[in-house]
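2 protein chains.
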Amino acid sequence: MRQGPIPNPTDAELSILHVLWRHGPCTVRDVHTQLSRKRDMVYTTALKLLQIMAEKGLVVRDDSARAHVYRAAYSEETAQRGLLDDLMRRAFDGSAHNLVMHALGTHKASPEDRAEIRRLLDSLEEEDA
Amino acid sequence: MRQGPIPNPTDAELSILHVLWRHGPCTVRDVHTQLSRKRDMVYTTALKLLQIMAEKGLVVRDDSARAHVYRAAYSEETAQRGLLDDLMRRAFDGSAHNLVMHALGTHKASPEDRAEIRRLLDSLEEEDA
DNA sequence: TGACAACTACGAAGACCTTCGTATATAATA
DNA sequence: TATTATATACGAAGGTCTTCGTAGTTGTCA
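Here the protein sequences come in this chain order: L and B. Heads up, the first sequence is in our numbering, so the first residue is 871 and it goes up one at a time. Heads up, the second sequence is in our numbering, so the first residue is 871 and it goes up one at a time.
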């Protein structure tokens, strides 16, 4: 644990969180097994990362059993929002508008994606009214 | 200089690039003066950063005069795209749709912003047709 | 019980980022 | 010319991130 706000996850931390979000609470062994399918990583590295993440407050540890069980401290959505905020502040002058225009302009959005975005815009219009 | 693709700028590097984008080509002195208005930083730190950035290819150096002149190697838009790509790949499963929905959902977009986004969506529809 | 397997704890190395101090060279000036 | 101001170059410290190896503990099973 620690005081203050939970920091944004780093790269390796994010890859571990992905496993936890996808599979729910996991032992180190579980995390390592899953992670090994994507990256090359030794067991103790996963362990160390999880220990550090627990200290940072990124994950919560249940050490009632011999094999400790870890779970993500917050949802993927929350993490995404934190990372997005950070990038927006650092590189987009804090403007969501800038960022969205960029994302839409340079990356493929399917017709379905665009329809969904329109629906979201519609609902935002209603809120303003 | 160096080979391979130009890496994304780090935090301190981004703050220097902001000065160059805003003011055009600058000497170290110029950059440091501008930067000092926002952060606390010693002259030689700005110098060192610019030297490293030149090595990475983030900035281009003109050393024909005694006070070398640096300029950004690419536009702010290009840098933003690179950073956005990176975040999308790491945290949003490579999906612009996810990212946009998040940005719009959790951050204020003015009616003007939304109108502009709609126009962009319209133009994307035409491209598909 | 003894040997082995699986677990946690932890130190430390190597990479990168940021920062600063010092050394050195060059221009400007009294 | 001698002094002072301003430049660049560069080494190194301190921080974080990631990685791994080793030590020590606990459970399992023949």
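The beta carbon of each residue, even a glycine, is placed where N, CA and C say it ideally should be.
Reduced DSSP secondary structure (H/G/I, E/B, other) of residue i
{"i": "tyrosine 913 of chain B", "result": "helix"}
{"i": "aspartate 963 of chain B", "result": "coil"}
{"i": "aspartate 1001 of chain L", "result": "Past the boundaries of the shown model lies residue 1001 of chain L; chain L is included only from 871 to 999, so the question cannot be answered."}
{"i": "alanine 949 of chain B", "result": "helix"}
{"i": "arginine 907 of chain L", "result": "coil"}
Best match in the options for proximity to residue i [C-alpha to C-alpha]
{"i": "glutamate 946 of chain B", "options": "B:Leu917, B:Pro875, B:Asp881, B:Leu887", "result": "B:Leu887"}
{"i": "aspartate 881 of chain L", "options": "L:Ala949, L:Ser993, L:Val970", "result": "L:Ala949"}
{"i": "lysine 908 of chain L", "options": "L:Val889, L:Ala924, L:Val898, L:Lys926", "result": "L:Val889"}
{"i": "valine 898 of chain B", "options": "B:Ser885, B:Val970, B:Pro879, B:Lys918", "result": "B:Lys918"}
{"i": "leucine 991 of chain L", "options": "B:His938, B:Lys926, B:Val970", "result": "B:Val970"}
{"i": "alanine 1001 of chain L", "options": "L:Ser980, L:Arg936, L:Pro877", "result": "With chain L running from 871 to 999 in the structure shown, residue 1001 of chain L is simply not present."}
{"i": "alanine 968 of chain B", "options": "L:Asp983, L:Glu883, L:Val939, L:Asp956", "result": "According to the sequence shown, residue 968 of chain B is asparagine rather than alanine. For the residues L:Asp983, L:Glu883, L:Val939, L:Asp956, the minimum Cα distance to asparagine 968 of chain B belongs to L:Asp983."}
{"i": "aspartate 932 of chain L", "options": "L:Leu884, L:Ala985, L:Cys896, L:Trp891", "result": "L:Cys896"}
{"i": "threonine 976 of chain B", "options": "L:Asp963, L:Arg951, L:Lys926", "result": "L:Arg951"}
{"i": "leucine 928 of chain L", "options": "L:Leu954, L:Pro875, L:Arg960, L:Ala985", "result": "L:Pro875"}
{"i": "glutamate 883 of chain B", "options": "B:Ala943, B:Ser934, B:His938", "result": "B:Ala943"}
{"i": "glutamate 959 of chain L", "options": "B:Glu996, B:Asp963, B:Ala961, B:Leu954", "result": "Correcting the residue type first, residue 959 of chain L is arginine in the shown sequence and not glutamate. The shortest Cα separation from arginine 959 of chain L among B:Glu996, B:Asp963, B:Ala961, B:Leu954 belongs to B:Leu954."}
{"i": "histidine 902 of chain L", "options": "L:Asp956, L:Thr914, L:Lys978, L:Asp998", "result": "L:Thr914"}
{"i": "valine 939 of chain L", "options": "L:Ala961, L:Ala916, L:Asp956", "result": "L:Ala916"}
{"i": "histidine 972 of chain L", "options": "B:Asp963, B:Pro981, B:Leu957", "result": "B:Leu957"}
{"i": "glycine 894 of chain B", "options": "B:Ser934, B:Ser906, B:Arg941, B:Gln904", "result": "B:Arg941"}
{"i": "leucine 920 of chain B", "options": "B:Glu986, B:Asp900, B:Ser934, B:Ala979", "result": "B:Asp900"}
{"i": "glutamate 986 of chain B", "options": "L:Pro879, L:Ala966, L:Ala937", "result": "L:Ala966"}
{"i": "serine 993 of chain B", "options": "L:Glu995, L:Ser993, L:Pro981", "result": "L:Pro981"}
{"i": "lysine 926 of chain B", "options": "B:Pro879, B:Ala999, B:Arg892, B:Arg936", "result": "B:Pro879"}
{"i": "alanine 979 of chain B", "options": "L:Leu974, L:Asp998, L:Ala961, L:Ala979", "result": "L:Asp998"}
N- and C-terminal bounds of the beta strand (DSSP E) containing residue i
{"i": "alanine 942 of chain L", "result": "939-942"}
Endpoints, the alpha helix (DSSP H) within which residue i is located
{"i": "alanine 882 of chain L", "result": "881-893"}
{"i": "proline 875 of chain L", "result": "Per DSSP, proline 875 of chain L belongs to no alpha helix (DSSP H) and is neither H nor E."}
{"i": "alanine 985 of chain L", "result": "981-998"}
The ligand PLP heavy atom lying under 7 angstroms from the CB of residue i
{"i": "proline 875 of chain L", "result": "With respect to small molecules bound, the structure shown includes none, and the ligand PLP cannot be examined in it."}
Requested in this report: Check each residue of the stretch 965-977 of chain L: if its Cβ is closer than 7 angstroms to any Cβ of chain B, include it; give the result in chain order.
Outcome: Those residues of the stretch 965-977 of chain L that come within reach of chain B (Cβ to Cβ, closer than 7 angstroms) are Ala966, His967, Leu969, Val970, Met971, His972, Ala973, Leu974, Gly975, Thr976, His977.
Requested in this report: Compile a chain-ordered list of the residues in the stretch 935-953 of chain L whose CB is closer than 9 angstroms to at least one CB of chain B.
Outcome: Within the stretch 935-953 of chain L, the qualifying residues are Glu946, Glu947, Ala949, Gln950, Arg951, Leu953.
**Report entry** Positions along the stretch 876-907 of chain L whose CB lies within less than 8 angstroms of some CB in chain B
**Finding:** Residues of the stretch 876-907 of chain L that bring their beta carbon within less than 8 angstroms of a beta carbon in chain B comprise Asp881, Leu884, in sequence order.
Query raised in the report: In chain order, what residues of the stretch 976-998 of chain B put their CB closer than 8 angstroms to some CB of chain L?
Result: Closer than 8 angstroms at the C-beta level to chain L, one finds these residues of the stretch 976-998 of chain B: Thr976, His977, Lys978, Ala979, Ser980, Pro981, Asp983, Arg984, Glu986, Ile987, Arg988, Leu990, Leu991, Leu994, Glu995, Asp998.
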